[in-house]
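Enquirer:
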Amino acid sequence: MNEMSRRIWWQVYPLGFCGAPVRPQSDAQRQRKPRLERLINWLDYMKGMGCNGLLLGPVFDSDTHGYDTIDFYRIDPRLGDDETFGRLVEACHERDIALMLDGVFNHVGRDFPEFQRTKRSARQDEGRQTRRARQR
7 MNEMSRRIWW
17 QVYPLGFCGA
27 PVRPQSDAQR
37 QRKPRLERLI
47 NWLDYMKGMG
57 CNGLLLGPVF
67 DSDTHGYDTI
77 DFYRIDPRLG
87 DDETFGRLVE
97 ACHERDIALM
107 LDGVFNHVGR
117 DFPEFQRTKR
127 SARQDEGRQT
137 RRARQR
């Protein structure tokens, strides 16, 4: 049995944790404490329950439910930012809590850059095919 399978995991869907907003917020609304920052406050409680692993649902930039990633290199602004995420990672390490991310790398959102490029390319190909058909 490896170390990860001996851990007791607590799974959190961060967009639902502490009432994350459905849509990105305005600057005024962002002044509240980020969701990932709020999660740090729960780590001692979690540790007290005997949990020593945190399975964190999608944290990557998304415009809906989190499983339709736009950017795998950016934290969803509804949850915080890279610095907030870094503080969460440090807080987990200080408490010997393993952190595992739920990344859905086999599917992306409609605003993912490569998806948009492919869509534009398909439209251009469609236009070329239409012009060729008219020329015949």
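The sequence shown begins at 7 in my numbering and counts up by one. Quick reminder that beta carbons are idealized off the backbone N, C-alpha and C, glycines included. On a predicted model such as this, the values are computed, not experimentally measured, just so you know.
#1: Select from K125, R93 and S127 the residue whose C-alpha is nearest the C-alpha of N47.
#2: With distances taken from CA atoms, which of G56, M7 and F23 is nearest I103?
#3: Looking at the structure shown, is T70 part of a helix, part of a strand, or coil, going by DSSP?
#4: Could you check how far apart the C-beta atoms of D82 and D67 are, in whole angstroms? I think they sit under 8 angstroms.
#5: Within 10 angstroms of its Cβ, does L45 collect 16 or more other Cβ (buried), or is it exposed?
#6: For G63 versus D117, is the C-beta distance shorter than 7 angstroms?
#7: Starting from D77, follow its DSSP beta bridges and name the residues at the other end.
#8: Here's the rule I'm using: 16 or more other beta-carbon atoms within 10 Å means buried, otherwise exposed. How should F91 be labelled?
#9: Report back the beta-carbon spacing between G86 and E43 to the nearest angstrom; my notes put them in contact at under 8 angstroms.
#10: Are the Cβ atoms of L60 and L21 separated by less than 7 angstroms?
Expert: According to the structure data:
#1: R93
#2: G56
#3: coil
#4: 5 angstroms
#5: buried
#6: no
#7: D67
#8: buried
#9: 6 angstroms
#10: no
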